[in-house]
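In this note's numbering, the protein residues as written are 128 to 668.
Everything on this sheet refers to the single structure shown next.
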Amino acid sequence: MNKSVISIISTVPLYDGNLRQRLIDKIPQLGDFDFTDDVWYYNHKHKDSRAKFYYVVRFHKVNEPYKSLLKYYALIKNHSIFGIQQKIYYITAFIHFLNENYPGIAIKNINRDIINAYEYTISIDNNYKPNIKSALYRAISDFFKSLKGFPELPNIVPTKSINPFKQVQNPQNRTIPPSVIQKMDRMMKNMNVNIPLEFRTFYWLIRSFPNRGTEILSMKRNCLKTFYSEYTISIPTFKQNGGYNEPEMKAIPVIYSGHGKFVVELIKQLKLQTEKLLINYPLNEGDKKDYLFIGRYLTLHNDSNGNVDIRYDKRYKFVRNLNNITMNRYLKSLAVIIGIVDEDGNSCTVTSHQFRHNAVTDRMYQVGYTMEQIVKLTGHKNINMPSHYLHQLKERQKEVHLNMSELNNGKNNAVSFKGRIMNLDNQTINFLSNDLNKYLTWEANGKKGVGICGDISGCNPKGTSILFECYACEWFIPKADYYHDYKKEHEYWQAVIERIGTDTRRASQLENAIRNVSYLERIIEICEKGIEQYQKDNVDK
128 MNKSVISIIS TVPLYDGNLR QRLIDKIPQL GDFDFTDDVW YYNHKHKDSR
178 AKFYYVVRFH KVNEPYKSLL KYYALIKNHS IFGIQQKIYY ITAFIHFLNE
228 NYPGIAIKNI NRDIINAYEY TISIDNNYKP NIKSALYRAI SDFFKSLKGF
278 PELPNIVPTK SINPFKQVQN PQNRTIPPSV IQKMDRMMKN MNVNIPLEFR
328 TFYWLIRSFP NRGTEILSMK RNCLKTFYSE YTISIPTFKQ NGGYNEPEMK
378 AIPVIYSGHG KFVVELIKQL KLQTEKLLIN YPLNEGDKKD YLFIGRYLTL
428 HNDSNGNVDI RYDKRYKFVR NLNNITMNRY LKSLAVIIGI VDEDGNSCTV
478 TSHQFRHNAV TDRMYQVGYT MEQIVKLTGH KNINMPSHYL HQLKERQKEV
528 HLNMSELNNG KNNAVSFKGR IMNLDNQTIN FLSNDLNKYL TWEANGKKGV
578 GICGDISGCN PKGTSILFEC YACEWFIPKA DYYHDYKKEH EYWQAVIERI
628 GTDTRRASQL ENAIRNVSYL ERIIEICEKG IEQYQKDNVD K
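Structure (structure tokens):
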């Protein structure tokens with residue numbers, strides 16, 4: 128066995144006489160601290176804009192012999208530093224339980240009975256949410272598995288192989304509601320509103336592209352590269368870079384016109400502002416001077432004129448790297464200032480990570496990006512994680528982007544199948560049935576007469592503002608006999624989207640294709656329900 132490989136999966140004891148020293152020898156790769164220190168700052172791993180505390184692990188609340196074992200545990204783990212920090216915190220809770228209920232017990236004598244007692248204590252503690260209970264148990268299980276073979280620990284892992292506390296998925300939709308987005312967009316687009324430039328730039332970068340807030344805030348000042356009428360914005364990614372110290376760079380192409388030009392100009396202005404700040408103010412010790420997002424300490428308030436009042440904190444005579452905590456604080460303040468509330472009338476909390484979810488879904492459905500292109504933009508290695516971001520937006524595509532709010536319900540729409548018209552008042556059905564050919568309209572897959580115009584008093588479509596589009600009209604009655612032709616037409620327009628989705632010169636054709644796909648999806652759904660209703664009615668006869 129290669130003793131240099133530290134694994135908690137192996138059934139062979141990990142411990143040997145040199146393991147402790149090998150772990151201690153890792154410290155210079157991690158930071159400028161000693162094993163005996165109670166506070167470890169992993170400064171050699173701190174490569175992004177996150178606050179320092181994300182890279183600090185503390186052991187001062189734990190006494191020996193637990194303290195040394197926790198330090199070896201921290202050195203064994205290859206998680207993120209913040210993940211290790213959380214593990215240590217949860218294991219410390221177990222150590223406090225031992226000190227209170229089993230004072231003086233040797234670690235080696237910890238058995239399943241003691242673990243079961245701890246499990247019971249967690250289970251009846253209402254201060255812990257279900258996911259915290261799961262994390263507490265998972266941490267101690269990982270502790271015993273990771274230090275397997277250490278002579279101070281039991282020979283057999285005392286925890287259960289299956290965590291008795293199940294994680295609960297948060298059912299809350301992580302995307303920001305369209306009404307909130309629109310309100311914030313108007314405020315942030317209005318250059319007359321007194322918004323700090325660094326906050327405005329951050330907002331539009333995270334609003335426009337599916338990146339993590341930490342990645343945006345870790346951008347360098349030389350992030351812009353130009354090539355004719357196109358720019359590329361270089362954004363680092365840390366989470367998907369294979370664990371290497373240096374980030375992987377994503378080059379996001381932006382056309383220098385319209386909204387793309389607006390974003391590029393914000394970056395240029397912020398670059399100049401940051402360089403001016405670094406001339407006039409010292410930089411916080413240890414912060415990175417080549418970052419784009421550097422700013423003063425400030426808070427946002429509502430002034431008496433409905434604008435934003437920026438108040439700089441005079442206690443701080445230096446500037447610092449901006450981080451997600453700061454930006455989330457600004458977002459929270461902005462929500463209060465412009466009166467964003469939830470369904471209960473309480474102030475609505477908006478976080479930077481929610482914009483990542485919105486940016487993925489908006490780019491997928493507004494611009495026609497494929498999943499593979501979304502993977503490229505987000506920096507993920509496969510489509511699994513981006514797929515989680517597609518929050519119920521297949522239907523929202525119709526409502527938000529295609530102005531189809533009055534057409535969404537396909538359950539009771541009129542439909543014709545095998546000469547029978549369903550879900551329409553008897554008077555209109557009788558009138559249409561007298562001469563159906565007179566009211567046949569539109570075509571699908573090259574076939575004429577695949578729908579019926581139900582507006583017998585004169586064409587007056589009111590489903591959308593697109594008056595010339597029968598598919599967009601609530602008076603249009605699909606003929607389910609042509610179901611497969613609708614499907615083929617849907618496939619045709621879907622292929623158009625895939626073919627021209629990245630060609631910015633064909634934006635109008637793309638918009639038309641997306642619109643037609645959505646209309647056809649609605650019509651196909653109406654046909655399916657109509658066929659099902661026809662079959663059910665025949666069975667009931």
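Glycine included, every Cβ here is placed at the ideal spot set by N, Cα and C.
Note that the structure is predicted; figures quoted are calculated from it, not measured.
Counting along the chain, the unbroken beta strand (DSSP E) around PHE544 starts and ends at 542-544. GLY433 counts as exposed, since fewer than 16 other C-beta atoms from the protein chains shown sit within 10 angstroms of its C-beta.
Just measuring C-alpha positions, the residue of HIS386, VAL435, TYR439 sitting nearest LEU425 is TYR439.
Taking each of MET315, TYR245, ILE237 in turn and checking the Cα distance to ASN290, the smallest one comes out for TYR245. Non-local beta-carbon contacts of PHE482 in its own chain, meaning distances under 6 Å to residues more than five positions away in sequence, involve ILE333, ARG334 in chain order. A residue is called buried once 16 or more other Cβ atoms fall within 10 Å of its Cβ, and LEU197 is buried on that count.
If you look at ARG334, you'll find it isn't in any beta strand (DSSP E); it sits in the alpha helix (DSSP H) that goes 324-335. Note on geometry: alpha-carbon atoms of ILE251 and ASN243 lie some 13 Å from one another.
Here TYR264 is buried. Its C-beta has 16 or more other C-beta atoms within 10 Å. Check the Cα spacing between ILE259 and each of ASN238, ILE218, LYS347: the tightest is with ILE218. The Cβ atoms of TYR613 and ILE650 sit closer than 9 Å to each other. Straight across, the Cα-Cα distance linking LYS287 with CYS350 is about 50 Å. If you ignore the 5 residues before and after TYR661, its C-beta comes within less than 8 Å of the C-beta of PHE544, LYS545, ARG547, MET549, ALA607, all in its own chain and listed in chain order. Membership of PRO291 in any beta strand (DSSP E) is not indicated, and neither H nor E is assigned to it by DSSP.
Collapsing the DSSP output to three states places ASP608 in a helix.
For THR359, the pairing in a beta bridge is given by DSSP as LYS352, PRO380. The DSSP-derived three-state label of ASN429 is strand.
Taken atom to atom, the span from the alpha-carbon of ALA541 to that of ILE624 is near 29 Å. When DSSP assignments are scanned along the stretch 225-311, the uninterrupted stretches of alpha helix (DSSP H) that are 4 or more residues long and fall wholly within it turn out to be 239-250, 257-273.
Assignment of ARG177 by DSSP, reduced to helix, strand and coil, places it in the coil class. A Cβ-Cβ distance of about 16 Å is found for the pair ASN338 and ILE303, leaving them out of contact under the 8 Å criterion.
The stretch 221-239 makes contact with the stretch 269-287; the number of CB pairs closer than 8 Å reaches 3 or more. Around the beta carbon of ASN451, 16 or more other beta carbons sit within 10 angstroms, so the residue counts as buried. CA-to-CA, the gap between SER479 and ASN205 works out to about 27 Å.
With respect to the 9 Å criterion, PHE329 and LEU449 are classified as neighbours on the basis of their beta carbons.
Shown here, LYS204 sits in coil according to DSSP, grouped into three states, outside any helix or strand. Distance from the CA of SER306 to the CA of SER645, rounded to the nearest whole angstrom, comes to 21 Å. Going by DSSP, ILE154 is part of no beta strand (DSSP E) but of the alpha helix (DSSP H) stretching over 154-157.
With respect to HIS173, PRO155 sits apart: the two C-beta atoms are not nearer than 9 Å. Taking all protein chains shown into account, ALA378 has fewer than 16 neighbouring C-beta atoms within 10 Å of its C-beta and is therefore exposed. Judged by DSSP in its simplified three-state form, CYS597 adopts helix. Between SER273 and ILE203, the CB-CB gap stays under 9 Å.
Under the three-state reduction of DSSP, LYS415 is assigned to coil, being neither helix nor strand.
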